[in-house]
Each structure stands twice: as structure tokens, then as C-alpha cells.
Amino acid sequence: MTEFAARLERVAQNPEVFKSFGRGVERETLRYHQDGHLATTPHPEGLGSAYANNWITTDFSESLLEFITPVSSDITTLTAQLEDIHHFTQTKLGEEKMWPLSMPCYVGSEDDINLAQYGDSNSGKMKTLYREGLKRRYGSLMQIISGVHFNFSFPESFWQQLLGEQSEQQRQASKSEAYFGLIRNYYRFGWLIPYFFGASPALCSSFVQGRDSKLPFESIGGTLYLPHSTSLRMSDLGYTNSAQSALKIGFNSLDEYLDGLNTAIRTPSEEFAEIGVKVDGEYRQLNSNVLQIENELYAPIRPKRVAKSGEKPSEALARGGVEYIEVRSLDVNPYSSVGINEDQIRFLDLFLTWAALTESEPMDYCEQACWRDNWNRVIVEGRKPGLELQIGCKGEVLTLQDWAKRVFVELVQIAEKMDQAVGGEAYQAVCYKLLSWIDNPEQTISGQLLEDTKRYGGLGKVGCELGKEYRTQHLNHNYRTYSEAEMEDEVIRSRQAQSEVEASDSQSFDQFLEEYFSYLNS
69 MTEFAARLER VAQNPEVFKS FGRGVERETL RYHQDGHLAT TPHPEGLGSA
119 YANNWITTDF SESLLEFITP VSSDITTLTA QLEDIHHFTQ TKLGEEKMWP
169 LSMPCYVGSE DDINLAQYGD SNSGKMKTLY REGLKRRYGS LMQIISGVHF
219 NFSFPESFWQ QLLGEQSEQQ RQASKSEAYF GLIRNYYRFG WLIPYFFGAS
269 PALCSSFVQG RDSKLPFESI GGTLYLPHST SLRMSDLGYT NSAQSALKIG
319 FNSLDEYLDG LNTAIRTPSE EFAEIGVKVD GEYRQLNSNV LQIENELYAP
369 IRPKRVAKSG EKPSEALARG GVEYIEVRSL DVNPYSSVGI NEDQIRFLDL
419 FLTWAALTES EPMDYCEQAC WRDNWNRVIV EGRKPGLELQ IGCKGEVLTL
469 QDWAKRVFVE LVQIAEKMDQ AVGGEAYQAV CYKLLSWIDN PEQTISGQLL
519 EDTKRYGGLG KVGCELGKEY RTQHLNHNYR TYSEAEMEDE VIRSRQAQSE
569 VEASDSQSFD QFLEEYFSYL NS
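All residue numbers for the sequence shown refer to the numbering used here, where the first residue is 69 and numbers rise by one.
This is how it looks when you write it as C-alpha cells:
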């Protein structure tokens with residue numbers, strides 16, 4: 069029996085393990101007008117405070133909504149929560165709709181993209197200033213690309229089966245070590261996610277106005293596309309930071325990761341220093357380091373822990389170790405009214421479990437460069453027949469199809485155990501469906517979307533057609549987990565919470581920032 073099979077057997081002895089995964093979703097979507105143009109209106113009053121609403125907030129701009137579910141161990145509940153949040157939101161949008169694609173709708177000018185506003189508290193102003201810094205560093209267009217983040221954790225029963233009895237301190241260290249093993253395997257094989265679920269093979273030509281791109285685009289109407297691309301959202305056209313490529317952030321242990329992150333937020337950038345921090349009494353960015361704050365680090369997956377009030381993400385990790393991971397490489401699924409479907413969630417269950425149970429050797433910077441190259445290949449030409457990938461620095465090269473099938477041999481084994489535990493055959497059905505996509509790239513989401521884009525004569529037409537359909541769906545939806553009263557109560561509570569924070573501020577904004585960033589001087 070292989071080490072993987074032995075670990076799977078050990079974990080599967082307790083069926084409760086597979087019924088108790090912790091899952092949460094953060095879905096982004098742009099508000100847009102009937103004609104497919106970006107909405108320039110403020111965040112709708114009826115949705116409460118974007119600063120404090122637990123379910124409905126904004127990301128970079130006033131028009132970029134973000135929906136957040138609580139942690140759930142039931143997939144149906146999770147998708148029902150998302151549907152309820154979308155329904156409530158649509159009832160407050162008037163004629164505006166939610167854009168169903170990752171790449172933005174038509175944007176006439178970057179001036180149409182209004183920075184998200186969070187009120188007059190120091191912490192609210194800091195959130196907006198951080199976005200001002202992003203705007204000046206990278207431009208606003210790439211910041212309004214939408215994605216879906218998937219938060220995932222294993223239950224305590226999983227660790228009990230896998231690791232046995234341990235002291236609290238040992239368990240904390242072992243869980244962090246195992247999650248970093250998962251993260252390394254995610255970097256090695258996570259390109260499966262953009263291959264299957266990438267949904268941005270094309271973009272509106274307004275997105276690249278005035279920008280140089282070396283990509284050999286083809287065009288249809290006002291749409292640019294690459295014939296074999298899966299996820300332009302994750303390419304160099306998307307949210308990347310060239311200064312970050314020189315950062316050395318390792319994933320071999322929590323300490324190594326935190327050391328790299330702490331160096332990154334203290335590393336000055338000559339390029340960003342030219343922007344200035346405070347010019348003529350107006351702030352332009354939080355600071356001129358490579359990262360203004362930790363959240364600016366681009367990563368397809370992040371180790372996370374729920375932070376206490378006033379605690380920075382890295383401080384939370386240092387205090388209690390890794391609690392869950394955040395998968396950040398999902399495009400918005402245009403064929404789901406809520407941006408993600410149950411098949412995708414089940415695949416992530418399978419893949420993340422596989423990544424945790426599979427041997428995960430330490431990863432040096434040479435291997436990091438290899439996986440980065442593999443991801444880029446899949447992102448730009450993943451549906452190209454016979455595409456070859458190199459795993460590791462030893463030179464072994466196989467086609468994407470061969471690598472994928474190797475992983476699926478073990479994913480099927482996990483699917484059988486999960487189905488035995490939860491009943492039915494849903495996990496195996498997902499496995500066999502995606503297995504068929506490996507040799508038939510046009511069945512992938514990017515393949516389907518590119519076909520529809522050609523059929524409709526442009527990406528904007530596809531987005532408008534789907535957006536219109538989903539608006540009707542959302543308005544006709546009946547609550548499944550929440551109620552209208554609960555959603556309205558959260559609107560009221562969020563406004564009160566923002567007011568209380570604003571009333572409690574006793575420092576000037578300058579003093580607040582100085583205190584917040586005092587750690588940079590230590």
C-alpha cells in the first residue's frame with residue numbers, strides 16, 4: 069500500500085471527516101447597466117454599510133460588489149446562502165445587473181472606476197487609501213477583475229485520524245505543517261483549476277486600451293481572445309505586481325513563509341517611491357514599500373487564520389498557526405448565477421484532500437519557478453493539444469493530459485471514500501465528468517465560453533445575455549436559508565456599527581497611520 073493510500077484509509081475510518089469540511093465563498097461581481105457599461109453609481113444605500121455588512125461589501129471600487137458566506141459544512145447550504153445574498157442584492161439594484169464574467173464589462177475610461185468608500189473612520193479611510201495606492205501602482209482596470217475565493221478547512225476529526233493524539237501545541241504545529249504541504253502540492257498541480265474552471269479566454273478590447281501586450285490576440289467584434297487560453301484573469305494582464313516576482317517567499321514552513329512576508333512588507337520600492345506617499349497634503353498610498361500591506365501579495369492560495377480585532381493576518385498566523393486556506397485561482401463561473409457551482413466545490417474538496425494526503429517534498433526557488441511556468445502555460449494555452457508541462461527541476465516532462473490522469477487515479481479513490489461517507493455518487497460523478505474534459509478541452513468552461521463568444525459575436529453580448537437571465541432568476545428566487553428580515557436587520561446593524569466606529573475615533577488620520585505602521589520601524 070502506498071503512503072497516500074495508507075493515509076486515505078486512516079482518515080476514511082471515520083466517515084464524519086468527509087461530512088465536516090469547513091467551506092466559505094467570497095464572490096466578486098461588477099454592477100453594470102443595461103447596455104453592458106460599468107455602473108458609476110455609489111454602493112446602493114439599501115445594502116447597508118460596505119464597511120461593516122457581514123455578507124455584502126465592496127472590493128476595489130464602489131461598483132465591485134463582494135458577497136461573503138459564513139463557514140458551512142454543507143454544500144447545499146453554502147450555495148443556498150449565496151443565492152439568498154444575490155437575491156437580496158438584486159432587489160436593491162433597480163435596473164442595474166451583476167456582471168456574470170471575471171473580465172470587466174465595457175469601461176469607457178479609468179475615471180469611471182470610483183474607489184470604494186468606507187466612511188469617515190480612520191480604519192475606513194485607510195481601506196480607501198490602500199485602494200488609491202493600488203490605483204496609482206497598477207491602474208484601476210486590473211483591480212476590477214472579478215474572482216471567486218474559496219475558503220476551506222479540515223475538521224478536527226480529520227487531524228485526529230491522520231495524526232493521532234497530540235498536545236495542543238503539537239497539534240497546532242502539525243496542522244500548520246500539513247497545510248503548507250497542501251499549499252506546495254497546490255502550486256505543483258493546482259493548474260488543474262484554471263484548466264477545468266478558467267473562464268476568461270477573452271476580454272473586452274477596452275480593457276487593453278493604451279497597454280502593451282505581447283500576447284497574440286485574435287479578435288471578434290470588440291473582443292480579444294486567445295484560441296487556447298483558459299484564464300486571462302490570472303495572466304500578466306490580470307492583477308500582478310512585477311516587483312513581487314523578485315520576492316523570496318517560501319512555503320516549506322510557517323516560519324519561512326512569515327519571514328518572507330515580513331521582509332516583503334519592509335522592502336522599499338524605487339518605482340513606488342516615485343509616486344510619493346503624501347504630496348501637497350494629500351495621501352497617494354499607505355507607504356512606498358513593495359507591499360503596502362500583506363493583502364497586496366498576489367498568491368493563488370493563502371494560509372489563513374481568523375484575526376482578532378486589530379490583529380494583522382501574519383500576527384494571527386504567528387499566534388495560532390494555519391486555521392484554513394484560501395483558494396484564489398477560481399474565475400467567476402459564467403454558467404452559474406452565483407459564480408460557482410456544486411461540482412466545482414466537490415472537485416475542490418477532492419483536490420485539497422488529495423493535496424493534504426499526498427507526499428509533499430520541500431520546494432526550493434528553482435521548483436517555484438517551474439510551477440510558475442506551468443501555471444502560465446495553462447493560463448495562456450491550456451487547451452492546446454499536447455501541451456507539455458515540467459514538474460520539478462529534474463526535467464521530467466509530460467503532457468497536461470498525462471499529468472492530470474496521474475492525479476485523477478488517486479482523486480477517484482478519494483471520491484469513492486467520500487461518497488461512502490456522505491451517501492450517493494456525486495463525488496465520483498464529478499471525477500468522471502472532469503476526466504472526460506481532460507481529453508476534450510472544448511468541454512472546459514473556457515472552451516464553452518469561447519464558443520459562445522464566437523456564436524454571439526462578442527464577449528459583451530454573452531455577458532449581457534447571461535446577466536439578463538440571472539437578474540430574472542435572482543428576482544424570482546425564494547429565500548432558502550436566510551429571510552428578508554435577517555438581511556434587512558444586517559443592513560441596519562452594519563450602519564450602526566460603522567457609526568459607532570466613526571464616533572469612537574480619537575486620533576487624527578496621520579496619527580492612526582503612524583501607529584498602525586509602527587511595526588515597520590521595529
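From the three backbone atoms N, C-alpha and C, an ideal C-beta is built for every residue, glycine too. Since this is a predicted model, take the numbers as computed values, not measurements.
Cut-off 8 Å between Cβ atoms - residues of its own chain near residue i, not counting five sequence neighbours on either side
i    : result
L457 : W259, N442, R445, V446, V465, L466, T467, L468 and W471
N122 : I136, P138, E558 and S562
Backbone CA spacing between residue i and residue j [nearest angstrom]
i    : j    : result
K372 : L230 : 21 Å
S225 : D399 : 31 Å
G528 : A270 : 10 Å
A423 : I251 : 8 Å
P83  : F156 : 36 Å
I152 : A341 : Residue identity check: residue 152 is Asp in the sequence provided, not Ile. Their Cα atoms are separated by approximately 44 Å.
L365 : A332 : 9 Å
Q81  : K346 : 59 Å
V480 : Q412 : 15 Å
G450 : Q488 : 33 Å
K556 : S129 : It should be noted that the sequence gives Glu, not Lys, for residue 556. Spanning the two alpha carbons is a distance of roughly 23 Å.
N401 : G349 : 43 Å
A483 : D304 : 35 Å
L29  : Q102 : Outside the displayed range of the chain (69 to 590) lies residue 29, so it cannot be described from this structure.
Y293 : K522 : 10 Å
L420 : T426 : 10 Å
N544 : W167 : 18 Å
Beta carbon proximity, residue i to chain C, threshold 8 Å
i    : result
L183 : Included in the structure is just one protein chain, with no chain C present.
Nonlocal neighbours in the same chain, by C-beta distance under 7 Å from residue i, ignoring five residues either side
i    : result
S337 : A311, S356, N357 and V358
A118 : H111, T125, T126, A184 and Y186
R334 : N357 and L588
D507 : Q469
R539 : Q158 and K165
Y500 : none
R301 : S170, M171, I213, G215, S268 and D399
I261 : S397 and L398
E362 : L329, I333, K380, P381 and S382
V490 : F86 and K87
Which of helix, strand or coil DSSP assigns to residue i
i    : result
V139 : coil
D280 : coil
G215 : strand
L418 : helix
L202 : helix
G328 : helix
P295 : coil
T70  : coil
V448 : helix
Q575 : coil
H542 : helix
P453 : coil
T97  : strand
L315 : coil
R91  : strand
T426 : coil
P110 : coil
Nearest candidate by alpha-carbon position, reference residue i, set the options
i    : options                   : result
R239 : G116, D142, E391 and I153 : E391
R370 : L322, R352, G290 and P453 : L322
G162 : M171, H542 and W505       : H542
P430 : R256, W167, R99 and T144  : R256
L518 : V406, S574, Q234 and F265 : F265
L146 : R440, I408, S299 and A494 : I408
A497 : G526, Y547, F415 and C272 : F415
G318 : L418, F248, V448 and A494 : F248
A246 : R75, C272 and R205        : R75
F220 : A437, K536, V374 and K452 : V374
H217 : V448, E94, S235 and C434  : E94
E286 : D578, D573, G526 and E583 : G526
Residue i: CB within 7 Å of a non-hydrogen atom of the ligand FMN
i    : result
Q240 : Judged by which ligands are present, the structure shown has none, so any question about the ligand FMN falls away.
Cβ shell of residue i (< 6 Å), same chain only, five flanking positions each side left out
i    : result
V559 : G116
S208 : E178 and I181
S405 : Y538 and Q541
T512 : F264 and W505
F580 : N190
T108 : D180
L315 : A332
R99  : A107, S131 and E164
At what residue ranges does the stretch 218-278 contain a whole run of the beta strand (DSSP E), taking only runs of 3 or more?
270-272
In the stretch 368-402, which residue ranges form an unbroken alpha helix (DSSP H) of at least 4 residues, counting only runs that do not cross its ends?
381-388
Which ranges does the alpha helix (DSSP H) cover as unbroken runs of at least 4 residues, wholly within the stretch 125-177, from first to last along the chain?
143-159
Kindly provide the ranges of any beta strand (DSSP E) runs that are 3 or more residues long and lie completely inside the stretch 453-493, ordered along the chain.
456-458 and 465-467
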